[in-house]
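No gaps in the numbering here: position 14 of the sequence shown is 14 in the UniProt record's numbering, and each next residue is one more. Even for Gly, the Cβ is constructed at its ideal location relative to N, Cα and C. Below is one structure, written out as structure tokens, with a few remarks after it.
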Amino acid sequence: MSIEHTGRLTSGLVIGWREWVRLPDLDIVVKAKVDTGARTSAIHATDIERHDDVMHFTVHPHQRDDDDEVRVTAPLVDVREVRSSSGATSERFVVRTPVTLHRRRWLIELTLASRDDMGFRMLLGRTAVRGRFLVDPGVSYLAGDGNRPDREM
Numbered sequence: 001m002s003i004e005h006t007g008r009l010t011s012g013l014v015i016g017w018r019e020w021v022r023l024p025d026l027d028i029v030v031k032a033k034v035d036t037g038a039r040t041s042a043i044h045a046t047d048i049e050r051h052d053d054v055m056h057f058t059v060h061p062h063q064r065d066d067d068d069e070v071r072v073t074a075p076l077v078d079v080r081e082v083r084s085s086s087g088a089t090s091e092r093f094v095v096r097t098p099v100t101l102h103r104r105r106w107l108i109e110l111t112l113a114s115r116d117d118m119g120f121r122m123l124l125g126r127t128a129v130r131g132r133f134l135v136d137p138g139v140s141y142l143a144g145d146g147n148r149p150d151r152e153m
């Protein structure tokens, strides 16, 4: 894979519009929607608590399954105003964590959001995939199922 000075991917890996991703430092594997319309990545979080510069929150990684939950602690990176697809703005906490996809690992920023009514517990935004992957919106799971919860990485 090569990246020009502009940051554009000139050749390399293609991913689908949805992929299994691993957040190893948070001990989470989750199905993510790759959303190039969203600037920042987001994860469904509940029971969000801020203690100085540390965030504590709960993640239910599987859609329509609240029995499986992971309690997470991560350093707070920022608090930002985020505009939803409907145009509404809200203040969100931002954490930074490694993500693994297609046998690649890099740091991403994640906003903590209520995604209960959404189809996916996580969005992988364009800043997370820029310069790393090309996105084919017509296919799913091109990275394979190596990140699925029933698989070891």
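Name the one or two DSSP bridge partners that residue i has.
i           : result
residue 108 : 97
residue 77  : Answer by DSSP bridge pairing: none, since residue 77 is not bridged.
residue 18  : 33
residue 142 : Answer is none; residue 142 lacks a bridge partner.
residue 125 : 35
residue 133 : 13
Based on Cα-Cα distance, which residue from the options lies nearest to residue i?
i           : options          : result
residue 80  : 93, 73, 72       : 93
residue 84  : 27, 12, 137, 41  : 41
residue 36  : 17, 13, 30, 12   : 17
residue 231 : 25, 69, 43, 58   : Outside the displayed span of the chain (1 to 153) sits residue 231, for which this structure offers no information.
residue 227 : 78, 127, 89      : Because the chain is modelled from 1 through 153, residue 227 falls outside the range shown and cannot be assessed.
residue 69  : 59, 144, 26      : 59
residue 57  : 74, 63, 64, 65   : 74
residue 141 : 14, 13, 19, 12   : 19
residue 24  : 90, 97, 82       : 97
residue 64  : 21, 88, 136, 30  : 30
residue 86  : 139, 21, 46, 118 : 118
residue 76  : 111, 22, 12      : 111
residue 52  : 61, 46, 66, 78   : 78
residue 49  : 95, 143, 13      : 95
Can you give the beta carbon distance from residue i to residue j, rounded, assuming they're within the 8 Å contact cut?
i          : j           : result
residue 38 : residue 101 : Actually they do not touch by this definition, with Cβ atoms about 16 Å apart.
residue 72 : residue 26  : 5 Å
residue 61 : residue 22  : That pair is no contact at about 10 Å.
Should the stretch 101-115 be regarded as contacting the stretch 123-133, the criterion being three or more beta carbon pairs within less than 8 Å? Yes, they touch.
What are the start and end residues of each continuous beta strand (DSSP E) run of 3 or more residues lying completely inside the stretch 27-97, in chain order? Those beta strand (DSSP E) runs which fall completely within the stretch 27-97 and span 3+ residues are 28-35, 41-44, 46-51, 54-59, 70-83.
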